[in-house]
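Chemist: My structure is below; once you've seen it, I'll send some questions.
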Amino acid sequence: MGNAPSFLDEVNAAFDRAARLTKHDPHLLRQIRETNTVCRFTFPVRRDDGSIETIEAWRAEHSHHKLPTKGGIRYSLMVNADEVMALAALMTYKCAIVNVPFGGAKGGIRIAAHQYSPAELERITRRYTFELIRKNFIGPGVDVPAPDYGTSAREMAWIADTYTAVRGDELDALGCVTGKPVALGGIRGRAEATGRGVMYGLREACAVAEDMRALGLAPGLAGKRVVVQGLGNVGAHAARFLQQEGAVVVGVSEYDGSLARPDGLDVDALLAHRAATRTLQGFPGATFTADPRAALEEDCDILVPAALEGQITAENAPRLRARIVAEGANGPTTTEADAILQAKGVMVLPDMYLNAGGVTVSYFEWLKNLSHVRFGRMEKRFEEGAFGRLIGVVEQLTGRSVSQAERLAVTTGPDELALVNSGLEETMIGAYHEIRETRLRLGDGVDLRTAAFVSAIDKIAAIYGSMGIFP
Ligand code: NAD
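Under our numbering, the residue at position 343 of the sequence shown is numbered 412, and the numbers go up by one with no gaps.
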């Protein structure tokens, strides 16, 4: 990397650019920008062959202006203090943008997860959780982790089980982590929430006809050609939902290469192929290239980077052909690349808005854990009864009977998944228009990322202001 700016430098530079457009006290801006606490620790783990290895881990809590703090846990060899601090800062701004009442945090363990057996990963995850408990870096009112790169519901289950083993007498103990399996206090719709949110955000952006006209595109998602980098939790679900909305997935990439098919790939068939063979190679009817970066430069309307940070750089940005870059991953576009895309008139939907679906549904899961009741449990049958009676009145007044299909369409009460998806859709639509209107207010030349930062800074500043701090 040489003297290239670090991920945290990049996030802070974007913050500073936006901060200059606000009128807040410089000391307040510094308070908002700085990482409040960061904890680095090491612990030993016994490998299956009997050897001992020292594991290096972090948890950063960027802002305590709201509690608990919230943010995923990442397992990757790239994890370091700078990365978790950058990701924790993005979480603070992300939560503000989608009006989720948390401060930002992030954790990471520096391991290549695929090099460890499930039993080893369990020992590492449980020990990491013990360390967080001892340091007061986890708890339903303190700091609540979630899945991120290299982790999933399985790791969240180990965290929840370890926490409840130690703090089982805490009534709300299960709210110590989100992204759990449904059987262990998780919520339906969380696993696919980030990818679904990416789709809602893109759908909303593409619905604004004048913005699409400026990009030379027709309004609507239908027919838009999409490339997705990284088919993990975020990318795979985003690709599926975008296809369901009529977009055509013309290319994808994974760490071992890129796959292209201008007529469109069948995403479900491709995911099944990859699950069975562990590679993109050999998928019928598509062209495979052993270069994972090739997909980024594929001819398309929308590029969804959904792997890791620093993927779109000054080196490849001039060759990108997408008109919209939809940041599923955190920090996929470097500052230099961002400026190049701006100059090319590309619309960048920023990470801290576009991938906020995960933390939004994590918030719903946390609320479920605190309320100890599944969403929809109280009202589903009540609403079905009420709408049923209403239909009866309509039938009486009109003298006509409604069909069974019509009756079901009107009377089916909301279950947990329907309510979660509805809350997520509302959040992504509302937040998009908030940042778009901020951009219009700020005037020409301001991009959506800067507008999103300004929106987040204003909201956090208002909290300090309401306490009489930095009025
Ligand atoms: P994941 O581990 O489920 O998936 C990441 C995928 O990217 C893996 O399949 C990996 O093989 C692939 N990959 C790695 N390097 C690649 C490369 N060079 N080219 C192509 N593919 C590559 O992780 P995830 O949870 O989907 O997270 C991906 C990104 O989204 C991260 O930046 C993460 O911080 C962000 N994010 C995740 C969530 C969430 O809910 N999981 C929420 C918000 C943001």
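Every residue, glycine too, gets a C-beta built ideally from N, C-alpha and C.
(1) Going by the DSSP bridge assignment, what does Tyr-144 pair with across the sheet?
(2) Output the boundary residues of the alpha helix (DSSP H) element that contains Ser-186.
(3) Going by DSSP in three states, Asn-385 sits in which element: helix, strand or coil?
(4) Does the beta carbon of Val-213 fall short of 8 Å from some heavy atom of the ligand NAD?
(5) Does the beta-carbon of Tyr-324 have 16 or more other beta-carbons within 10 angstroms, so that it is buried, or is it exposed?
(6) Would you check if there are 3 or more beta carbon pairs closer than 8 Å linking the region 140-147 to the region 405-417?
(7) Using beta-carbon positions only, say whether Thr-356 and Leu-328 come within less than 9 Å of one another.
(8) What are the uninterrupted segments assigned as alpha helix (DSSP H) that are 4 or more residues long and contained completely in the region 331-392, given in chain order?
(9) Might you give, ordered along the chain, the residues of its own chain that have their beta carbon closer than 7 Å to the beta carbon of Ala-73, omitting 5 neighbours on each side?
(10) Report whether the distance from the Cβ of Ser-472 to the nearest heavy atom of the ligand NAD is below 8 Å.
(11) Using the three-state DSSP reduction, which class does Val-321 fall into: helix, strand or coil?
(12) To the nearest angstrom, report how far apart Asn-385 and Glu-366 are at their CA atoms.
(13) Since Pro-294 sits in a beta bridge, which residues does DSSP pair it with?
(14) Where DSSP assigns a beta bridge to Gly-172, which residues make up the other side?
(15) Could you name each continuous beta strand (DSSP E) segment of 3 residues or more that falls completely within the region 79-153, going from the start of the chain to the end?
(16) Can you tell me the Cα-Cα spacing of Leu-90 and Ser-524, whole angstroms?
(17) Less than 8 Å between the CB of Ser-221 and some heavy atom of the ligand NAD, yes or no?
(18) According to the Cβ coordinates, are Gly-320 and Ala-364 closer than 9 Å?
(19) Does the Cβ-Cβ distance between Gly-258 and Leu-486 come in under 9 Å?
(20) Suppose you measure from the CA of Leu-334 to the CA of Ala-316; what does that come to, to the nearest Å?
(21) Quick check: what's the CA-CA separation for Arg-392 versus Asp-420?
(22) Given Arg-362, which residues of its chain have a CB within under 7 Å of its CB, disregarding the five upstream and five downstream residues?
(23) Please report the Cβ distance between Asp-360 and Gly-304, rounded to the nearest whole angstrom; I am assuming they are in contact, meaning their Cβ atoms lie under 8 Å.
Modeler: With the structure as the only source:
(1) The residue given as residue 144 occupies position 75 in the sequence shown. Note: Tyr-144 sits in a beta bridge opposite Ile-178.
(2) As a first step, residue 186 is located in the sequence shown; it is residue number 117 there, counting from the start. Looking at the DSSP string, Ser-186 is not in any alpha helix (DSSP H), and its letter there is neither H nor E.
(3) Within the sequence shown, residue 385 is the residue found at index 316, counting from 1. Coil, per DSSP.
(4) Stepping through the sequence shown from its first residue, residue 213 is reached at position 144. For the ligand NAD, not one heavy atom lies less than 8 Å from the Cβ of Val-213.
(5) Indexing the sequence shown from 1 puts residue 324 at position 255. Tyr-324 is exposed by the Cβ-count criterion.
(6) no
(7) Counting from 1 along the sequence shown, the entry for residue 356 is found at position 287. Counting from 1 along the sequence shown, the entry for residue 328 is found at position 259. Yes, the Cβ-Cβ distance between Thr-356 and Leu-328 is below 9 Å.
(8) 336-346
(9) As a working mapping, residue 73 is identified with position 4 in the sequence shown. Answer for Ala-73: no residue qualifies.
(10) The residue given as residue 472 occupies position 403 in the sequence shown. Not so, every heavy atom of the ligand NAD lies at least 8 Å from the Cβ.
(11) Position 252 of the sequence shown, counting from 1, holds the residue named residue 321. Looking at Val-321 - three-state DSSP - the assignment turns out to be strand.
(12) Looking up residue 385 in the sequence shown gives position 316. Looking up residue 366 in the sequence shown gives position 297. Using only the alpha carbons, I get a separation of about 8 Å.
(13) As a first step, residue 294 is located in the sequence shown; it is residue number 225 there, counting from the start. Per the sequence presented here, residue 294 reads as Arg, with Pro not at that position. Answer by DSSP bridge pairing, in chain order: Val-317.
(14) If you number the sequence shown from 1, residue 172 lands on position 103. The partner list for Gly-172 (beta bridge, DSSP) reads Thr-138.
(15) 106-115, 121-130 and 138-144
(16) As a working mapping, residue 90 is identified with position 21 in the sequence shown. As a working mapping, residue 524 is identified with position 455 in the sequence shown. Those two C-alpha atoms are separated by around 11 Å.
(17) As a working note, residue 221 is residue 152 in the sequence shown. Answer for Ser-221: yes, Cβ within range of the ligand NAD.
(18) Stepping through the sequence shown from its first residue, residue 320 is reached at position 251. Stepping through the sequence shown from its first residue, residue 364 is reached at position 295. Yes, the pair counts as a contact, with Cβ atoms nearer than the cut-off.
(19) As a working mapping, residue 258 is identified with position 189 in the sequence shown. As a working mapping, residue 486 is identified with position 417 in the sequence shown. A contact, by the Cβ cut-off of 9 Å.
(20) Within the sequence shown, the letter at position 265 stands for residue 334. Within the sequence shown, the letter at position 247 stands for residue 316. Their backbone Cα atoms lie some 11 Å apart in a straight line.
(21) Working through the sequence shown from its first residue, we reach residue 392 at position 323. Working through the sequence shown from its first residue, we reach residue 420 at position 351. Distance between the alpha carbons of Arg-392 and Asp-420 is about 16 Å.
(22) Looking up residue 362 in the sequence shown gives position 293. Excluding sequence neighbours, Arg-362 sits near Asn-385.
(23) The residue labelled residue 360 in the question sits at position 291 within the sequence shown. The residue labelled residue 304 in the question sits at position 235 within the sequence shown. In fact, because the Cβ distance is near 17 Å, the residues do not count as touching under 8 Å.
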